[in-house]
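Beneath this line is the structure, given in structure tokens, with notes to follow.
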Amino acid sequence: MSSERRADPVAFVDERLGAARGLRFLMDYVFPDHWSFLLGEIALYSFVGLIATGTFLALFFNPDTTQVVYHGSYHALGGASMSGAYASTLHISFDVSGGLLARQVHHWAALVFVAAITLHLLRIVFTGAFRKPRDINYFIGVTLLVFAILEGFAGYSLPDDLLSGMGLAIAWGVAMSLPLIGGPFATALWGGRFPGSSAFESRLFIAHVFIIPAILAGLIAVHLAIITIQRHSQFPGPGRREDNVVGTPMWPGYALRSLGLLATVAAVLVLMGGLIQINPVWLWGPYHPYIGTNGAQPDWYLGWLIGALRIMPNLEIHAFGHTLVPNPFFGGVLFPGLVFGLLYALPWLDRRFISRDYRRHDLLERPRDNPRRSALAAAVLSAVAVVFAAGSADRLFFQFGFGYEGAIWFFRGAFLIVPVIVFMLTRRICLELAREERHPLRGWNGTIVERNAQGGFDSGSRIPAGVASRAETGPEDQRR
Amino acid sequence: MRNGHESHEQPPGRASRIWKAIVMLLLWRLGGLRSPRRDEGSDIDPSHREVGAAEWAQRLVLLLLALIPVVALGFVALFVFDPNTQLLGASLGLVLALAAGALVLAGRWLVPQETSVEPRPRAGDSEAIKAVYERAAQGVQGITRRRLLVSAAGVAGAGLTAAVAIPVVALGPGLDDQLSSTPWRAGRALVDEHGNPILAASVIEGSFLTAFPRGADQENLGSPVVLVRVDPGSLSLPADRAGWAPEGILAYSKICTHAACAISLYRSPLSPSTQSRGPALVCPCHYSTFDVLDGGRVEFGPAGRPLPQLPLTIDTGGVLRAGGPMSGPVGPAWWGDSK
Amino acid sequence: MRRGLLALAAALCGGLALVQFAAAGGHETTTSSTARPRLSAALVSSGHALFESSCASCHGMGAQGIRGRGPSLRGVGALAADFYLQTGRMPLPSPRAQPLRTSPAFPQSQIRALIAYIASFGGPPVPVVYPRQGSLPEGQRLFGLDCAGCHTIQGQGGIVTGAIAPSLNQATPTQVAQAIRVGPYVMPHFGPGELSAGQIDSIARYVQSIQHPEDRGGWGIGRIGPIPEGMVAWLLAAAALLLIARLLGERTEEQRENHRPPKAP
Chain A
20 MSSERRADPV
30 AFVDERLGAA
40 RGLRFLMDYV
50 FPDHWSFLLG
60 EIALYSFVGL
70 IATGTFLALF
80 FNPDTTQVVY
90 HGSYHALGGA
100 SMSGAYASTL
110 HISFDVSGGL
120 LARQVHHWAA
130 LVFVAAITLH
140 LLRIVFTGAF
150 RKPRDINYFI
160 GVTLLVFAIL
170 EGFAGYSLPD
180 DLLSGMGLAI
190 AWGVAMSLPL
200 IGGPFATALW
210 GGRFPGSSAF
220 ESRLFIAHVF
230 IIPAILAGLI
240 AVHLAIITIQ
250 RHSQFPGPGR
260 REDNVVGTPM
270 WPGYALRSLG
280 LLATVAAVLV
290 LMGGLIQINP
300 VWLWGPYHPY
310 IGTNGAQPDW
320 YLGWLIGALR
330 IMPNLEIHAF
340 GHTLVPNPFF
350 GGVLFPGLVF
360 GLLYALPWLD
370 RRFISRDYRR
380 HDLLERPRDN
390 PRRSALAAAV
400 LSAVAVVFAA
410 GSADRLFFQF
420 GFGYEGAIWF
430 FRGAFLIVPV
440 IVFMLTRRIC
450 LELAREERHP
460 LRGWNGTIVE
470 RNAQGGFDSG
480 SRIPAGVASR
490 AETGPEDQRR
Chain B
6 MRNGHESHEQ
16 PPGRASRIWK
26 AIVMLLLWRL
36 GGLRSPRRDE
46 GSDIDPSHRE
56 VGAAEWAQRL
66 VLLLLALIPV
76 VALGFVALFV
86 FDPNTQLLGA
96 SLGLVLALAA
106 GALVLAGRWL
116 VPQETSVEPR
126 PRAGDSEAIK
136 AVYERAAQGV
146 QGITRRRLLV
156 SAAGVAGAGL
166 TAAVAIPVVA
176 LGPGLDDQLS
186 STPWRAGRAL
196 VDEHGNPILA
206 ASVIEGSFLT
216 AFPRGADQEN
226 LGSPVVLVRV
236 DPGSLSLPAD
246 RAGWAPEGIL
256 AYSKICTHAA
266 CAISLYRSPL
276 SPSTQSRGPA
286 LVCPCHYSTF
296 DVLDGGRVEF
306 GPAGRPLPQL
316 PLTIDTGGVL
326 RAGGPMSGPV
336 GPAWWGDSK
Chain C
-1 MRRGLLALAA
9 ALCGGLALVQ
19 FAAAGGHETT
29 TSSTARPRLS
39 AALVSSGHAL
49 FESSCASCHG
59 MGAQGIRGRG
69 PSLRGVGALA
79 ADFYLQTGRM
89 PLPSPRAQPL
99 RTSPAFPQSQ
109 IRALIAYIAS
119 FGGPPVPVVY
129 PRQGSLPEGQ
139 RLFGLDCAGC
149 HTIQGQGGIV
159 TGAIAPSLNQ
169 ATPTQVAQAI
179 RVGPYVMPHF
189 GPGELSAGQI
199 DSIARYVQSI
209 QHPEDRGGWG
219 IGRIGPIPEG
229 MVAWLLAAAA
239 LLLIARLLGE
249 RTEEQRENHR
259 PPKAP
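Residue numbers (my numbering), protein chains in the order written: chain A, 20 to 499; chain B, 6 to 344; chain C, -1 to 263.
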């Protein structure tokens, strides 16, 4: 080796891996620019935060349901009997340096993770990004949402506090409600009747720190790989076609901005984790199956399920002297099953019924460009939102005095009526917006002011008939 | 107001005007009445490059970068000497915010701002697809029993999958006794959470207590019951439960028949003449409400089954004892429920 | 059990001493019990007059109750009268409304008179509570078992079908004990055989602790759990991140105008 060789990191890597060409490809790689394309990255960086804080927490948490007597530094529970899992959570919160910060950053990151995925999903649906060739990536994304929700539920159920213990009881009731197989299924998962054997906490722990994160990481890797292969979609605009990608190259612009987004997400999460309290399990106390608290709620991304369970009338289907469909099935399995079924079926529904278009698309549509799809998506979203709101009807009663039973009936009616209204409204707004930009003068009935040869102004001539009729309808105004 | 365009149609009715008013209001709020600039065409070249970092931006980025190690040191010191959650979060958050600021500033105002164009990779190449099928076919040339081999491979694969998947069954214990058994037997004394027997005299009207079978696991779903005392004259229990409530003391399972939450609310009207609702046990999860006077009948809420009732007797020492097993299965319903 | 009785007797004596102070004088009351204080006849009669004008329309001229309007107050004692009057629950605007905490409708002197009048019919005195003698973990356990179902484990209040369970943020230890013994509106009540005075001390101590929680994690956002947490995640974090995304997403004028309507088919 010549001593005049200067340090050349790229040569180092290329001589071993032949990576220079790949690096150049990456540096030239173009990302289309739009703020709404960054939502998936927000989710990705929240996931990074979850892994970092989760690893720290897993080094201290004890997934053990054996009852212990607490003698740590939270004196309000001194001498109380609780599970080892709950005690280790108190230990992390009060006795481990930075433990409470890690716990709170972890929990805020989980809430933001699912929120970002949801916003990202809405962007995908409203812009038609799920169409061929991105339908397989879309399925991966919806699956990521399912696992993110399951992961969050498993995570906040680990500390065995009163609030999450009640949530696990309900989950068991929902698992039991699967027709025919519910009993064996639920007892297999829990290792017996609820609260289950001592193995259940271990299963929850392993699912939360290993199985589901591995699935999430794998799916995310495939998700990103497919985007890399296909290139990101883009909105129509000057110079933008189906066969090109216009935007910022990875180096230097996109890499710096993406890293900046990572730092921003991390900053927001850490600031919230330090300054805003979340899930103060020491205030809830340990869980026992024979105690319950009013106002127990799941984390926000399961609020639609508690709403569904609350507004569902007390229907149970019996057959041959057995309970075929217990009540929790409708709110806990059927409703989310229908919503996710719709999500998975969306590419096919869109091809076949909504847009009636089987072609490949790399250019996105604005929501107003596809009124029927936007209206359908808004209607489904509004139905879910109504059910979300129904889940907090008890707090509404407490704050504002509307009777609880009346509120439940109101939400039942709203669930049926609001999506219809939202559908019609959204479609009309999309059509109006689209027409507005094609024909800004549509319906204009003012006067034309013209300069005459003497330098003055003549007014009062009416808009020529041809212009008026052209302004009202155009070839683009087909019913969609 | 833009209703002039309707001139060639019927005059709008009132409902249609209200509808339009709502639409216009929403359009105004959504800001949709601005029309974006129209483009000229998709054949123009949008490539673009702006070079030149402003001096203020470079200085600001330098400042932010310089501050980071200072604040980071503060975080390290706090972590070692005073790990107060708020101070730790604020300092680390500040470090990250400074880094974010530096990166964003650099990305937007320091480095050249470029718009590049790249061709999108072609996909759906029918020649390549055909080539794959041809190569695959080449790989199985000369095999005569192709169909049979493929079917056999399929069955073998299914068998292998079943073998790999079956250990999942080990998760579950045997079912039947588990889900329907409770520790309650005739003569079992009712005790509080410390194991002290509960005297009938200590249950007053309008109160509610949690009780367990003596000696049983309190975490078992079949164990906890709620004890209440009502005026015996107000009871309307089913005929086969005539003797189940001595002195008007009732015991119901504390586990909700909807989704297994603990029924921890007791609605107990103090003056029945001014309060129209009777006494009821309510579950805090989805507010299933059970009428205690009527054998646990569901008065409101999603529960599909009445609350199981435990028959009670009072022994010679005044201690409450179970008079037999529960009236029905405890907890949420499932297929194997015996009715 | 015996300890509980002793504690109850001690509380009674303490309570009687308190009533003695309030009555500022001493005459034997008509109902006999162990060592009842003398309530000044003047106080009782001014309470009687007040009662006739403010309370009798629902509770009857002799406090015997009117069916469909108000229950009998004979025998409810100073315990109940003090609770309802000091928390402003009574007088009630309408007989069917739920009594809720407001500011007291009467000045303290009138409240004392009314209490004296009601106490003259007999019944339990105002309880004396010693929160410091209670055990915090025991209070947490009892509160979880008997109270959290309606009031939430943090005493933030909740609902039952048909009524509100109020928050306990303003409840004094005495009022906690009174509510436990009275069971106002649809709240169950607990006698000494179910919750002894010592256990009530523990519950009162727990209620005090949840009125001044530590909030080690920062801003407590009401301590009612995932609903405000979700709102913060959306309205604070998601909003902030969306703002940053907008800042990062469109850099040049050229790119801001980057969309057009689709071509006519």
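Ideal placement from N, C-alpha and C gives every residue a C-beta, glycine not left out.
Opening and closing residue of the beta strand (DSSP E) in which residue i lies
{"i": "glycine 118 of chain B", "result": "Looking at the sequence shown, residue 118 of chain B is not glycine but glutamine. Unbroken beta strand (DSSP E) run through glutamine 118 of chain B: 118 to 124."}
{"i": "alanine 327 of chain B", "result": "325 to 327"}
{"i": "tyrosine 271 of chain B", "result": "270 to 272"}
{"i": "arginine 54 of chain B", "result": "53 to 55"}
{"i": "glutamate 469 of chain A", "result": "467 to 470"}
{"i": "histidine 337 of chain A", "result": "336 to 338"}
{"i": "proline 14 of chain A", "result": "Within the shown structure, residues of chain A are numbered from 20 to 499, placing residue 14 of chain A beyond reach of any answer."}
{"i": "isoleucine 297 of chain A", "result": "Neither: isoleucine 297 of chain A is in no beta strand (DSSP E) and is coded neither H nor E."}
{"i": "methionine 229 of chain C", "result": "Segment 224 to 230 is the alpha helix (DSSP H) holding methionine 229 of chain C; no beta strand (DSSP E) there."}
Contact belief for residue i with residue j at Cβ below 8 Å, rounded distance in angstroms
{"i": "leucine 232 of chain B", "j": "isoleucine 203 of chain B", "result": "7 Å"}
{"i": "serine 65 of chain A", "j": "alanine 128 of chain A", "result": "5 Å"}
{"i": "glycine 301 of chain B", "j": "proline 311 of chain B", "result": "4 Å"}
{"i": "asparagine 81 of chain A", "j": "glycine 97 of chain A", "result": "About 19 Å separates the two Cβ atoms, so there is no contact after all."}
{"i": "proline 347 of chain A", "j": "histidine 53 of chain B", "result": "That pair is no contact at about 57 Å."}
Cβ pair residue i, residue j closer than 8 Å
{"i": "leucine 90 of chain C", "j": "phenylalanine 49 of chain C", "result": "no"}
{"i": "arginine 282 of chain B", "j": "glycine 160 of chain C", "result": "yes"}
{"i": "leucine 324 of chain A", "j": "glycine 293 of chain A", "result": "no"}
{"i": "serine 393 of chain A", "j": "threonine 445 of chain A", "result": "yes"}
{"i": "isoleucine 157 of chain C", "j": "phenylalanine 50 of chain A", "result": "no"}
{"i": "isoleucine 208 of chain C", "j": "glycine 153 of chain C", "result": "yes"}
{"i": "serine 70 of chain C", "j": "alanine 61 of chain C", "result": "yes"}
In DSSP terms, what residue i is bridged to
{"i": "leucine 93 of chain B", "result": "Leucine 93 of chain B is not bridged to any residue."}
{"i": "valine 294 of chain B", "result": "In the sequence as displayed, the identity of residue 294 of chain B is threonine instead of valine. Threonine 294 of chain B pairs with B:Val287, B:Phe305."}
{"i": "tyrosine 363 of chain A", "result": "Tyrosine 363 of chain A pairs with nothing; no bridge assigned."}
{"i": "leucine 382 of chain A", "result": "A:Gln253"}
{"i": "phenylalanine 229 of chain A", "result": "Looking at the DSSP assignment, phenylalanine 229 of chain A forms no beta bridge with any residue, so it has no partner."}
{"i": "leucine 315 of chain B", "result": "B:Ala256"}
{"i": "leucine 180 of chain A", "result": "Residue 180 of chain A is actually aspartate in this sequence, not leucine. Per DSSP, A:Pro305."}
{"i": "isoleucine 64 of chain C", "result": "C:Gly68"}
{"i": "alanine 194 of chain B", "result": "B:Arg326"}
{"i": "isoleucine 162 of chain C", "result": "C:Ile157"}
Delimiting residues of the alpha helix (DSSP H) encompassing residue i
{"i": "threonine 162 of chain A", "result": "154 to 176"}
{"i": "valine 230 of chain B", "result": "From DSSP, valine 230 of chain B is part of no alpha helix (DSSP H) but of the beta strand (DSSP E) over 230 to 234."}
{"i": "alanine 274 of chain A", "result": "274 to 294"}
{"i": "methionine 46 of chain A", "result": "39 to 47"}
{"i": "isoleucine 113 of chain C", "result": "106 to 117"}
{"i": "glycine 420 of chain A", "result": "It is not in any alpha helix (DSSP H) - glycine 420 of chain A carries neither H nor E in the DSSP assignment."}
{"i": "glutamine 173 of chain C", "result": "171 to 180"}
{"i": "serine 401 of chain A", "result": "390 to 409"}
(message) Can you confirm whether the region 167 to 176 of chain A touches the region 381 to 401 of chain A when touching is taken to mean that 3 or more C-beta pairs between the two stretches lie within less than 8 Å?
(response) no
(message) Would you call the region 173 to 181 of chain C in contact with the region 250 to 259 of chain A, where contact means no fewer than 3 C-beta pairs closer than 8 Å?
(response) no
(message) Quick test of the definition: if touching needs 3 or more C-beta pairs under 8 Å, does the region 192 to 206 of chain B touch the region 217 to 229 of chain B?
(response) yes
(request) Assess, as a yes-or-no matter, whether the region 159 to 166 of chain A is touched by the region 236 to 253 of chain B under the definition of 3 or more beta carbon pairs within less than 8 Å. (result) no
(request) Determine, using beta-carbon pairs with one atom in the region 41 to 56 of chain C and one in the region 105 to 124 of chain C, whether at least three such pairs fall under 8 Å. (result) yes
(message) For the pair the region 220 to 240 of chain C and the region 333 to 344 of chain A, tell me if three or more CB-CB distances fall below 8 Å.
(response) no
(message) Contact between the region 375 to 395 of chain A and the region 283 to 300 of chain A is defined here as three or more beta-carbon pairs at a separation below 8 Å; is this criterion met?
(response) no
(message) With three or more beta-carbon pairs closer than 8 Å as the criterion, would you say the region 275 to 286 of chain A touches the region 99 to 118 of chain B?
(response) yes
(request) Specify whether the region 199 to 213 of chain C and the region 136 to 146 of chain C touch according to this definition: at least 3 beta carbon pairs, one from each stretch, less than 8 Å apart. (result) yes
(message) Count Cβ pairs between the region 116 to 136 of chain C and the region 193 to 202 of chain C that sit closer than 8 Å; are there 3 or more?
(response) yes
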